Structure formats: C-alpha cells, structure tokens
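Residue numbers (the numbering used here): 48 to 551. Cβ atoms here follow ideal geometry from the backbone N, Cα and C, with glycine treated the same way. Remember, predicted model here, so these are calculated numbers, not experimental data.
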Ligand SMILES: Nc1ncnc2c1ncn2[C@@H]1O[C@H](COP(=O)(O)OP(=O)(O)OP(=O)(O)O)[C@@H](O)[C@H]1O
Ligand SMILES: [Mg+2]
C-alpha cells in the first residue's frame with residue numbers, strides 16, 4: 048500500500064479550505080489520519096523550544112493542552128533536529144510523548160512511529176507525528192511520499208502563522224517577531240468565554256486605558272495583566288507588580304511613591320517608589336480592593352494629575368504609568384459599602400475585564416489538566432502522567448471553587464499520591480488519587496467502571512442520569528433552563544426526563 052495520488056490531491060484541497068484556523072487544522076489532521084491509516088496523529092507547532100499541539104486525532108483530549116518541552120522528550124528532540132523524515136525503530140527505547148495518551152491503550156511500547164519536521168525556509172515551524180499500533184504499518188510509505196505530505200502540511204501551517212501575525216494588532220510584521228518565552232504566561236483555553244476574553248485583551252491592550260481585572264480567586268487575573276502589558280506599546284518597559292493586600296499602611300505610601308532620606312525614622316536612603324519604577328511602563332495593582340482609604344485618595348491624585356511626591360519631598364515628579372488593577376472582590380459592592388472610593392473605582396474601571404470561572408469554561412478543564420500533567424511530569428522527572436477516563440469525567444464536572452489554581456494543585460497532589468502505586472514513573476491518575484472538596488459526592492457518580500455489575504445497565508444508567516442532572520442543576524443555581532443549556536439539551540426534553548427520573 049502506498050499513498051494514492053488522489054489522496055494527496057484531496058489533502059491539498061482540504062488544506063486550502065478556509066473556515067477558522069483550528070477547524071482547518073482539525074480537518075487536515077483528520078484527512079492525514081485517514082489517508083495514512085494512523086492510530087494517533089498530531090500536528091505540533093514549534094515555538095521557543097516547545098511543541099504545542101494544534102490538532103490531534105486518536106489522542107486523549109487533554110493532549111491539546113500539553114506543551115512538550117523538546118529537551119524533555121527525546122523523540123521530539125530527534126524530530127526537531129533531523130531536518131527530514133524520522134522513522135523510529137518499533138522497539139526503540141525512547142519514551143513516546145503519547146504513551147498513555149491513546150485512549151484505551153495505556154502502553155505503547157512496540158509500535159510504528161514516524162515524525163515529519165515542518166519548515167518555513169530553513170526554520171523549523173512544527174512537526175507532524177504519526178503513530179500506529181502495528182509495528183510495520185508505515186514501512187510501505189516511501190520517504191519521498193512522506194516528504195510530500197510534510198511539505199503540504201508545512202506550507203499550510205506557515206500560511207496560518209503568517210496570517211495570525213498579520214492579524215495581530217500592534218505588531219510590526221517581521222518574520223522573526225514571533226514571541227519567545229515558551230512560556231509560563233501562556234493562557235490555555237479555547238472555550239467561548241476564553242475566546243471572548245482573549246479578544247477583549249487584544250482590543251484593550253494597545254490602548255492606554257486603565258483596566259480593572261475581576262474574577263474569582265485562581266482564575267488567572269495575573270496572567271491577564273501580563274498579557275495586557277505584553278500586547279501593549281509599553282511591552283519593552285517594565286511591568287511592576289504591587290500587592291495591595293500585603294502592604295502595611297505605614298509603608299504603603301513610600302512603597303508606592305518612594306521617600307527621601309530622613310523622611311521618617313529609618314529612612315536612611317532615598318527610595319524609588321513603584322510608580323517611578325513603572326514610568327513609561329505598567330503598574331499592576333493586585334488585590335486593589337484591600338487598599339486603605341487614605342491611600343486610595345493619594346492614588347487617585349496620581350491618576351488624575353500624573354504627578355506624585357516622594358514622602359518627605361516637596362518636589363513633584365511627573366510619571367507616565369498605565370494602571371492595571373485586579374481584585375476578587377465585588378468592587379462595586381465595596382463602593383456601595385463605603386470601603387472603596389467611587390471616584391477611584393471609576394478611574395480604574397474604564398475598561399473592566401471579567402475573567403470567567405473555570406467551571407464555566409467547559410472543555411478547557413481537560414486542556415488545563417493536560418497542561419498541568421505535563422508541567423508536573425517535568426518537575427518530578429516522571430515518564431508519563433495520564434488521566435483515566437473516569438478522572439477526566441470527574442474533573443470536568445467538579446465545580447472548582449479555587450479555579451485554575453485548585454486544578455493545578457489537585458494534579459500535583461494526585462500525582463504524588465499516585466506515585467505510591469506507580470511502576471517506573473508511569474502514572475495513571477485515577478479518581479481515588481484526588482481529594483477534591485466534595486470528593487465523596489463526586490466519587491459516588493464517577494467510578495462506574497470500578498463498581499461493575501451490581502445493577503443492570505438500565506438501572507445504572509438511570510442512576511447516573513439522576514445524579515448527573517442533579518449535579519448540573521446544582522451548578523446552575525437550581526435554574527432548570529440554565530441546567531438544560533449546560534447539558535446541551537432542549538429544556539422540554541430535560542423536563543420530561545427529570546419527571547421520568549422522579550426528580551421533579
Ligand atoms: N489560562 C491559564 N492557563 C494556564 N495557567 C493558568 C491559566 N490561568 C491561570 N493559570 C495559573 O493558575 C494559577 C493561578 O492564577 P493567578 O495567580 O493569575 O490567579 P488570580 O486570578 O490572580 O487569583 P487570586 O485572586 O487568588 O490572586 C497560576 O499558577 C497561573 O499561572
Ligand atoms: Mg492574583
């Protein structure tokens with residue numbers, strides 16, 4: 048069997064098909080997966096020493112959230128270095144980055160594996176990986192044929208990357224302008240609320256408006272502040288961080304505005320305040336809701352007039368600072384309660400950005416879980432960390448009061464627990480490795496596979512439906528219409544089902 052010319056032609060046409068970028072990549076990978084009869088296929092983008100999945104077929108959904116650091120994955124490193132088709136011997140000892148990530152197969156020891164590096168001119172821009180369960184299944188494809196596939200996919204990827212750069216507001220177009228950093232401040236998430244947030248960031252970042260970032264604890268407000276700064280014209284100047292909650296009132300003023308030697312007992316040197324440090328750049332005032340009222344007045348004056356005085360000095364200093372502020376409090380309520388100045392609130396919230404809670408981000412939960420699995424794997428030097436199907440299910444339905452920070456900690460903790468019963472660094476995270484807030488309640492729904500046949504299928508299914516609906520209802524504040532939307536059901540059908548299950 049070789050690759051048919053018709054197949055290649057169809058692929059070439061498919062690649063040109065418009066629609067959205069992710070859709071195009073998904074269709075492209077779908078065609079390749081089918082054309083080459085792979086069991087797992089992935090298109091990866093190369094950026095700052097990492098491979099980042101753009102589309103996959105035959106792999107667990109959390110793979111899309113993983114960022115593969117090249118030096119930590121010998122196979123990917125080999126592909127990145129090769130400059131041409133790489134065929135790994137079926138019995139290769141090199142660990143496969145997808146081991147444990149092909150649904151229903153937790154081991155992938157002997158298999159066919161081919162990597163195709165993708166180039167734009169001399170530059171590596173990505174890779175295509177092909178995995179098959181049958182050790183010899185790619186032998187029939189000649190290097191020549193695989194190169195044709197690689198060059199089709201490579202040019203499609205290159206076009207997509209160039210378009211993406213052109214569409215970025217505020218960026219000068221140079222082929223080398225691709226950001227590096229690889230990067231700890233990437234905002235993972237493709238859900239509708241995240242796409243909306245990213246769009247708003249892109250719109251407001253290049254303006255000089257102050258931004259108030261709100262959202263529950265752990266949703267990623269700090270990352271939003273970093274993104275705003277990085278996408279602004281001030282990106283080359285510093286982003287200065289100040290946590291207002293950690294400021295004792297007595298030192299707060301000199302922290303913000305600086306002081307001169309002798310201004311007060313203990314002021315033995317001149318000191319530059321955060322405002323001055325942030326001159327021409329951005330000042331990020333985290334937990335702004337905790338700022339004492341007296342300082343709010345002083346902050347307001349700087350925002351109004353753009354000048355400040357160091358403590359103990361008469362001279363006024365002019366500063367040009369953009370303010371980003373964040374809080375997990377309801378600042379409007381704080382204003383109503385008299386804890387926060389209304390005039391300052393209005394100055395800061397010229398452009399409010401609300402960061403959505405994790406429970407509202409749907410499939411992002413699994414992307415983020417994958418992202419943290421990969422980070423955790425690196426940190427602990429483990430071979431693999433994969434999520435069992437029951438675990439993915441459990442994580443997807445948990446309500447995450449601590450949001451992304453809680454998810455990150457949950458993955459780390461579960462990995463430590465799971466290490467006890469793992470062999471050779473191969474970790475499969477199961478529901479019982481987690482101790483989520485209402486773990487007991489979650490556990491009764493999820494590990495169906497572990498409590499096999501005590502009931503017939505119909506009763507078990509009804510039980511599951513009952514609990515699942517109750518959970519969704521709870522997460523929707525007992526609003527049946529919202530619950531139906533969450534379950535992607537017609538409200539009338541949900542109503543009937545709920546009656547049949549004796550929930551109504
Ligand atoms: N979209 C995301 N992708 C990847 N990591 C994220 C994302 N959002 C948040 N994180 C990570 O989750 C953790 C918590 O985020 P962050 O500190 O920004 O939360 P926060 O909103 O400032 O919370 P708090 O109000 O408690 O200060 C950080 O480690 C951050 O890197
Ligand atoms: Mg924070």
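Reduced DSSP secondary structure (H/G/I, E/B, other) of residue i
i, result
"residue 167", "strand"
"residue 476", "strand"
"residue 557", "For the chain, the structure presents residues 48 to 551; residue 557 sits outside this window and is missing."
"residue 243", "helix"
"residue 204", "helix"
"residue 379", "helix"
"residue 401", "strand"
"residue 392", "helix"
"residue 269", "helix"
"residue 290", "strand"
"residue 330", "strand"
"residue 85", "coil"
"residue 470", "strand"
"residue 307", "coil"
"residue 93", "strand"
"residue 411", "helix"
Heavy atom of ligand 1 within 8 Å of residue i beta-carbon
i, result
"residue 333", "yes"
"residue 258", "no"
"residue 324", "no"
"residue 525", "no"
"residue 373", "yes"
"residue 415", "yes"
"residue 554", "In the structure displayed, the chain extends from 48 to 551; residue 554 sits before or after that span and is not available."
"residue 110", "no"
"residue 360", "no"
"residue 452", "yes"
"residue 235", "yes"
"residue 302", "no"
"residue 262", "yes"
Cβ pair residue i, residue j closer than 9 Å
i, j, result
"residue 273", "residue 232", "yes"
"residue 192", "residue 412", "no"
"residue 303", "residue 322", "yes"
"residue 330", "residue 289", "yes"
"residue 135", "residue 125", "yes"
"residue 285", "residue 328", "yes"
"residue 113", "residue 417", "yes"
Of the listed residues the options, nearest to residue i (C-alpha basis)
i, options, result
"residue 394", "404, 256, 361", "256"
"residue 271", "57, 72, 241", "241"
"residue 347", "327, 362, 360, 368", "368"
"residue 456", "275, 468, 442", "442"
"residue 158", "533, 341, 138", "138"
"residue 144", "109, 373, 122, 77", "122"
"residue 72", "201, 437, 358, 166", "201"
"residue 173", "316, 265, 101, 355", "101"
"residue 115", "481, 95, 385", "95"
"residue 390", "429, 359, 420, 350", "350"
"residue 446", "409, 429, 436", "409"
"residue 361", "370, 306, 403", "306"
"residue 60", "423, 258, 521, 203", "203"
"residue 444", "515, 471, 469, 539", "515"
Spatial distance of residue i from residue j (CA atoms)
i, j, result
"residue 53", "residue 82", "10 Å"
"residue 249", "residue 208", "17 Å"
"residue 87", "residue 105", "4 Å"
"residue 414", "residue 550", "33 Å"
"residue 533", "residue 263", "20 Å"
"residue 401", "residue 84", "44 Å"
"residue 131", "residue 195", "11 Å"
"residue 383", "residue 103", "50 Å"
"residue 254", "residue 343", "24 Å"
"residue 387", "residue 396", "13 Å"
"residue 186", "residue 179", "11 Å"
"residue 463", "residue 279", "40 Å"
"residue 334", "residue 265", "12 Å"
"residue 175", "residue 234", "24 Å"
"residue 364", "residue 332", "20 Å"
"residue 536", "residue 420", "32 Å"
"residue 426", "residue 407", "29 Å"
"residue 281", "residue 311", "34 Å"
"residue 341", "residue 299", "10 Å"
"residue 309", "residue 398", "40 Å"
"residue 432", "residue 475", "6 Å"
"residue 224", "residue 76", "Below a pLDDT of 50, predicted positions are generally treated as unreliable, and residue 224, at 34, falls in that range; no measurement from the model is reported."
Ligand 2 heavy atom lying under 8 Å from the CB of residue i
i, result
"residue 269", "yes"
"residue 299", "no"
Heavy atom of ligand 4 within 8 Å of residue i beta-carbon
i, result
"residue 350", "Inclusion of ligand 4 in the displayed structure is not the case, the ligand content consisting of ligand 1 and ligand 2 alone."
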